[in-house]
Amino acid sequence: MKITVIGTGYVGLVTGTCLAETGYHVCCLDVDPNKIAILKQGGIPIFEPGLEDMVRRNVAAGRLSFTTDIAESVAFGDVQFIAVGTPPDEDGSADLQYVLAAARNIGRYMTDYKVIVDKSTVPVGTADLVKAAVADTLAERGEALEFSVVSNPEFLKEGAAIDDFMRPDRVVIGVDDERAAAMMRRLYAPFQRNHERVLLMDVRSAELTKYAANAMLATRISFMNELANLAESLGADIEQVRLGMGSDPRIGYHFLYPGVGYGGSCFPKDVKALVQTAKENGHELRVLTAVEEANDLQKLRLVDKVLARFGQDLSGRRFAMWGLAFKPNTDDMREAPSRVIAAELSRRGAEVVAFDPVATHEAQRVMGDIAGLSFAADMMTALQQADALLIVTEWKMFRAPDLDAVKRALKQPLVFDGRNMYDPAWMREQGFDYFAIGR
Ligand SMILES: NC(=O)c1ccc[n+]([C@@H]2O[C@H](COP(=O)([O-])OP(=O)(O)OC[C@H]3O[C@@H](n4cnc5c(N)ncnc54)[C@H](O)[C@@H]3O)[C@@H](O)[C@H]2O)c1
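For reference, each letter of the sequence shown is one residue, going 1 to 439 in UniProt numbering.
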C-alpha cells in the first residue's frame, strides 16, 4: 500500500513521516513551494521535537519524498490523506476551500481506485462534499472510477506529535464501505501491536468525534479559568482546588490548568466551527458559546493585573515577556495569547521585550506590526531594565530560573505569572511581588 499525504503542515508532515517510519512508501504534496524546498534540502519548515531526524532517516531510506507536482502525488498513493488547513471562515464555520481543492485534484488525475481520507478537522457532512467534488471532476473527464471517502480525524498534540501518532490513544475511522474499512485497518495495523486502538464508526460520527473532543478540552480550560478568577476574589488557591478536584477519577488531573486562555490552531477554530454547525442545524450550544467568551476575556487577565498595578496608561513602561508560542514545544503562533497580551500592552504605550526559545522567528512574522515589541536572544536579556516580567508560555527552561539574577535584571522584583509556574510563598520569600492566576 502506497500513501500520499496532501498538505505538509503540522499534521501532514507528522502523518507522512510516521507512516514512512513503519515501512510505508509515502509521498507528501504541498502547494507551498518554499515548504517543499526546505524539506528537499533536509530541513523541516516547523518545530516539532524529533521530527527532523525522522524525516531525514526516512528520506535517506527512500520511503519518504516531497513534491509540488499534483499529478505525480495523485498517481503515487492508493490511499490519499487530505491534511490541509481548515481555517475559520468569516462566520466561524470551517473554510473548506483547501479540502475541496485537494479533492478536485484527486478527481482530476486519478486513474484507478483510491481511498480518500479526510484527516483535516472538518465539519459533519464534509465527506459527502468531498465525494461530490471527486465525482463531479471525474464526470467532467467522462470517467467513472471507483473511490471511497473515509473520515480519519487526527488527535496528535503539537510538541508531542510523534509519540501521539506512533502510540495513539485511539484511531477513529469513519467509513461506510467494507473495501475501504479493510484497507484502513491494514494501514493502521503497525500501530495496534500492543492492543487494538481502532474505533470503526460511521463517517458522520467520526467527523463529530473530533469536534466533540476539542470542545470538551476547551471547556475544561475555560471552566478552570473562571474558577481561578473566582478563587482570587475568595482568597482560595486554585492550585489546591485543582488537586482536590483532579483526584476524583471521574474528573482526572488532565487539562485542569488555569492560565492565560487557550490558543493554537485547533481549539479556537474548532469551538467556533462547532457552534456554527449547531446554529446551521437549529441548535444553540450555550455552554460552548460561554467557553469562547470566557477564553477571550482570559487572554487579557494578565494585562488586567498589570493595569491594576501600574494604571491604565503604560507609556514609558517596559515589560519582559517569557514565552510566545501558544504552548511549549512548538513554534505555532496561531491564536497565541501572547499576541493579544503584547498588542494590548503596546496599545497602552508600553514597550515589550519578548523571549521564546523556538517561536521567535514565527512571532516576528505574525507580530511584526506591534509597536514597541522587540525580541531578545535569551531569557535574561529580555529582563534588562523591565518594570516587570510576564510569563505567558510554560517552557521547561522557565521552571527554575536564577531568581537572584532575575531580581538584579528587573527594575523591581515584580512577576505576573500567567502559567502558575512558581510557589507564591517561595516567590515572596525571595523578595518578589508575585501575581499568578487564581492564587
Ligand atoms: N496542528 C494540529 O495540532 C492539529 C491537530 C489535529 C488536527 N489538525 C487539523 O489538521 C488540519 C491541518 O492542520 P495543520 O496544523 O497541519 O495545518 P498547516 O497550516 O500547518 O498545514 C496545511 C498545509 O496544507 C497545504 N495546502 C493547502 N492547500 C493545499 C492543496 N490543495 N494541496 C496541497 N497542499 C495544500 C498548505 O500549504 C499547508 O502547508 C486542520 O484541519 C487542523 O484543524 C491540526
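C-beta: ideal position from N, C-alpha, C; glycine also.
Just so you know, these numbers come straight off a predicted model, no measurement behind them.
Using the DSSP secondary-structure output, state which residues sit across from glycine 174 in a beta bridge.
DSSP output for glycine 174 lists Ser151, Met201 as bridge partner(s).
Compute every distance between the C-beta of threonine 381 and the non-hydrogen atoms of ligand 1, then say whether any falls below 7 Å.
In this structure, the C-beta of threonine 381 stays at least 7 Å away from each heavy atom of ligand 1.
How is tryptophan 322 classed by DSSP in three states: helix, strand or coil?
Look at tryptophan 322 here: in three-state DSSP terms it is strand.
Assign leucine 314 to buried or exposed, taking buried as 16 or more other Cβ atoms, counted over all protein chains shown, within 10 Å of its Cβ.
Buried, since its Cβ has 16 or more Cβ neighbours within 10 Å.
Helix, strand or coil: how does DSSP classify isoleucine 341 here?
DSSP, reduced to helix, strand and coil, places isoleucine 341 within a helical segment of the structure shown.
From which residue to which residue does the alpha helix (DSSP H) around cysteine 18 run?
Segment 10-21, the alpha helix (DSSP H) holding cysteine 18.
Is cysteine 27 close to ligand 1? I mean its beta-carbon at under 7 Å from any heavy atom of the ligand.
Relative to ligand 1, even the nearest heavy atom lies 7 Å or more away from the CB of cysteine 27.
Should glycine 244 go down as buried or exposed, given a rule of 16 or more other Cβ atoms within 10 Å for buried?
Its Cβ having fewer than 16 others within 10 Å, glycine 244 is exposed.
Answer with buried or exposed for threonine 86, where buried requires no fewer than 16 other C-beta atoms within 10 angstroms of its C-beta.
By the 10 Å Cβ count, threonine 86 comes out buried.
For the 8 Å Cβ check, are there 3 or more pairs between the segment 240-258 and the segment 154-166?
With the cut-off at 8 Å, the segment 240-258 and the segment 154-166 do not touch.
Does the segment 78-96 come close enough to the segment 35-43 that 3 or more CB-CB pairs lie under 8 Å?
No, the segment 35-43 does not touch the segment 78-96.
Counting along the chain, where does the alpha helix (DSSP H) carrying leucine 297 start and finish?
Where leucine 297 is concerned, the enclosing alpha helix (DSSP H) stretches over 286-298.
Between leucine 414 and the rest of its own chain, which residues show a CB-CB distance below 6 Å, the 5 nearest in sequence each way excluded?
Here the set comprises Ala388, Asp433.
So for serine 247, helix, strand or coil by DSSP?
Correct three-state label for serine 247: coil.
Does ligand 1 have even one heavy atom less than 7 Å from the beta-carbon of glutamate 344?
Incorrect: glutamate 344 has no Cβ contact closer than 7 Å to ligand 1.
Determine the burial state of proline 33: buried for a count of at least 16 other Cβ atoms within 10 Å of its Cβ, exposed for fewer.
Its Cβ having fewer than 16 others within 10 Å, proline 33 is exposed.
Count the other CB atoms within 10 Å of the CB of valine 198; is the residue buried (16 or more) or exposed (fewer)?
Counting Cβ neighbours within 10 Å, valine 198 comes out buried, since at least 16 surround it.
Which two residues bound the contiguous beta strand (DSSP E) that contains glutamate 351?
The continuous beta strand (DSSP E) containing glutamate 351 extends over residues 351-355.
Beta-carbon separation (whole angstroms), glycine 438 vs isoleucine 238, contact threshold 8 Å
Contact between glycine 438 and isoleucine 238 holds: CB atoms are separated by about 3 Å, below the 8 Å threshold.
In the DSSP assignment, the alpha helix (DSSP H) including phenylalanine 47 goes from what residue to what residue?
Going by DSSP, phenylalanine 47 is part of no alpha helix (DSSP H) at all; its letter is neither H nor E.
Is valine 84 near ligand 1, in the sense that its beta carbon is under 7 Å from a heavy atom of that ligand?
Yes; taking the cut-off as 7 Å, the Cβ of valine 84 has a heavy atom of ligand 1 nearer than that.
Buried or exposed (CB count within 10 angstroms, at least 16 for buried), aspartate 356
Buried.
With a cut-off of 8 Å on the beta carbons, I'd call tryptophan 322 and alanine 400 a contact; round off their distance for me.
In fact, because the Cβ distance is near 13 Å, the residues do not count as touching under 8 Å.
Three-way DSSP call (helix, strand, coil) for leucine 64 in this model
Residue state, collapsed to three classes: strand.
Output the distance between the C-alpha atoms of valine 124 and arginine 185, rounded to the nearest integer angstrom.
A direct Cα-Cα distance of roughly 22 Å separates valine 124 from arginine 185.
Confirm the yes/no value for this check: CB of lysine 35, any heavy atom of ligand 1, distance under 7 Å.
For lysine 35, the distance from the CB to the nearest heavy atom of ligand 1 is below 7 Å.
Looking at C-alpha atoms only, which residue of Tyr109, Val115, Phe147 is the closest neighbour of glutamate 140?
Cα-wise, what sits closest to glutamate 140 is Tyr109.
Straight-line Cα distance separating glutamate 52 from glutamine 384:
When rounded, the distance between both Cα atoms is 34 Å.
Three Cβ pairs or more, each shorter than 8 Å: is that satisfied between the segment 110-123 and the segment 3-23?
Judged by pairs of C-beta atoms under 8 Å, the segment 110-123 touches the segment 3-23, as three or more such pairs exist.
Can you find a heavy atom of ligand 1 that lies under 7 Å from the Cβ of leucine 324?
Not so, every heavy atom of ligand 1 lies at least 7 Å from the Cβ.
Compare the beta carbon distance of leucine 390 and glycine 368 with 8 Å and say whether it is the shorter of the two.
The Cβ-Cβ distance between leucine 390 and glycine 368 does not fall below 8 Å.
Answer with buried or exposed for aspartate 169, where buried requires no fewer than 16 other C-beta atoms within 10 angstroms of its C-beta.
Exposed, by the Cβ-count rule.
Taking one C-beta from the segment 97-116 and one from the segment 143-152 each time, how about it: are there three or more such pairs within less than 8 Å?
Yes, since at least three Cβ pairs between the segment 97-116 and the segment 143-152 fall closer than 8 Å, the two stretches touch.
So what's lysine 131 in DSSP terms, helix, strand or just coil?
Annotated three-state conformation of lysine 131 is helix, per DSSP.
Tell me, please, which residues DSSP counts as bridged to aspartate 433.
DSSP output for aspartate 433 lists Leu414 as bridge partner(s).
Threonine 277 (DSSP reduced to helix, strand or coil)
The three-state reading of DSSP puts threonine 277 in helix, counting H, G and I together.
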